[in-house]
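Colleague: Sharing a structure with you now.
Residue numbers (full-length UniProt numbering): 1 to 431.
If you want it as C-alpha cells, here you go:
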C-alpha cells in the first residue's frame, strides 16, 4: 500500500499552526484595510491560482558532471504522480502535471489518468523530447531533429511530436510544448537560414496534427546544447515562428532561458501586446539557464513579470489565460520541498502584483514621476502576503506550513522503504 499523508495528520498539524496564522492574518488585514485593500478578496484570488508541476521535477536532477540520486525517488510515472499528489495536497496550488515523453510514456493512459484523478490532478501540456536519443529509435538526433539535414531524421522527430499529441489527447491534455536543442557548435556547421526553414517545415506538419482545442507552445533558449547558434534562441524568433504557424501557436517564456540581466518582463509585455504569450516555465537563474528554484535569486523580477501579467489581464479580459508551469532541476534539495516552495513563491508574486495600486501607478507614469512610480511597485512587493497564501491553503484543505507538514509526516522515509532503487538506475527524467 503506497503511503499518503492522511487528512487527520494534516488537520492536526494545521491545528498547531492556526493561532499564529490567525494573529498574522488579522495584523495584515488591518494594514491592508488602512490602504483601502480587502484581504478576503485577495484570499479568494490566491485560492483560485494554480501552477502546473513538471513530472521530471520530482526526481533529483544532475549536471554534465554527475548526478547524486535522492532517497525514495520515483521509479516510474505512477510514482511521479504520487509525489505530485503530495505536493498538491499540501499547497493546493498545483493541480496540473506536465508529462515528458518518452520519459513518461505509458501503454495504459486510462490507468494513468485515473491515478491522477485520485489525487485531484489533471494533465497539463505534454512535452516532446528530440534533444536526446530514445532507446531503439532508428535515427540519431546528434546533429539535429526538427532542423536536421537528413529528411528521415526530421520525419522521425515530427512523428514523435504527433505521437505526443495523440497520447496527450488520451490523457486529457490540451497543449504541446516543443523545445529543441537544435543548432550549431561551430561557425559554418550549418546554414543558419536553412535550419530555420527546415524547422518551420517540420513544425507545420506537427501544427496540422493538433486537435482543434489545443495550443502549441514554442519554447526558446539562448544556448545549450548548441553553443554557437541555437535555432530558436530568443523571443523574436519564437514570435516570428508562432506567427508563421498560426493562431494555435504561442510563445512560451522560460525565465532561465535568457542572458543574465535580460528584461524578461518587457518580453512578457511585448508578447502579450501582440497576442502570442502562451505561458511560462518558472524557475530562477544566476548565471545562465540554471533551473534554480523559483524566486530563489531574483524575486523582484518574478514580481515584475506578474505586474505585466496583471496589466495584460486588465487590458485583455477573460481571453488572457497564459499557462503557468514550474520547470526546475533539484540537485541538493528534496525535489518535493523545492517544488512546494516554488509554487508558493510564484503564487506570492501573483498576489503581490494584485496589490499594486494601478491608479496611482498610472498617475505617476503620466506625470513622469519615475521615483514615485517605482515606489508604488515597491510598496506592493515589500508587503508580506504570506498570511494570505497560508489562509488560502487552509481554506482549500491544504497545509498552513507545507514544508513543515511534509517533514513531520516522514513522507520521504516512507517512500525510501517503498521504492527500492536498482543499482545505477535513474528515473528522474532529467538525465
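C-beta: ideal position from N, C-alpha, C; glycine also.
1) Give me whichever residues DSSP pairs with residue 280 in a beta bridge.
2) Taking just the CA atoms, how far does residue 30 sit from residue 358?
3) Identify whether residue 151 lies in helix, strand or coil by the three-state DSSP scheme.
4) Return the CA-CA distance between residue 494 and residue 300, expressed in angstroms with no decimal places.
5) Please work out which residues of its chain come closer than 6 Å, Cβ to Cβ, to residue 437, disregarding the five sequence neighbours upstream and downstream, and give them in chain order.
6) Within a Cβ cutoff of 7 Å, which residues of the same chain sit near residue 185, ignoring the five residues on either side of it in sequence?
7) So what does DSSP say about residue 177, is it helix, strand or coil?
8) Does the segment 14-27 come close enough to the segment 283-302 to have 3 or more Cβ pairs within less than 8 Å?
9) Give me, in chain order, the residues of the same chain whose beta-carbon lies closer than 7 Å to that of residue 122; leave out the 5 immediate sequence neighbours on both sides.
10) For residue 372, report the span of its alpha helix (DSSP H) as first-last.
11) Does the segment 71-89 come within contact of the segment 35-43, defined as at least 3 CB pairs closer than 8 Å?
12) By Cβ distance below 6 Å, which residues in the same chain neighbour residue 78 in space, the five residues on each side in sequence not counted?
13) Kindly indicate which residue of 105, 148, 120 and 231 has the alpha-carbon position closest to the one of residue 135.
14) Nearest CA to the CA of residue 102: which residue from 165, 4, 147 and 155?
15) I need the straight-line Cα distance from residue 2 to residue 57, nearest angstrom please.
16) To the nearest whole angstrom, what separates the beta carbons of residue 249 and residue 242, a pair I think is in contact under 8 Å?
17) Might you give, ordered along the chain, the residues of its own chain that have their beta carbon closer than 8 Å to the beta carbon of residue 334, omitting 5 neighbours on each side?
18) Consult DSSP for residue 431 and reduce its assignment to one of helix, strand or coil.
Modeller: According to the data block:
1) 253 and 324
2) When rounded, the distance between both Cα atoms is 21 Å.
3) helix
4) A query on residue 494 cannot be resolved here, the shown segment of the chain reaching from 1 to 431 and no further.
5) Because the chain spans 1 through 431 in this model, residue 437 falls outside it and cannot be assessed.
6) 226, 227 and 228
7) strand
8) no
9) 95, 96, 116 and 172
10) Residue 372 -> alpha helix (DSSP H) spans 370-382.
11) no
12) 115
13) 105
14) 165
15) If you take the alpha carbons of residue 2 and residue 57, they lie about 20 Å apart.
16) 4 Å
17) Within the same chain, residue 334 has close Cβ partners 70 and 412.
18) A caution first: residue 431 carries a pLDDT of 41, below 50, which makes its placement in the model too unreliable to give a value.
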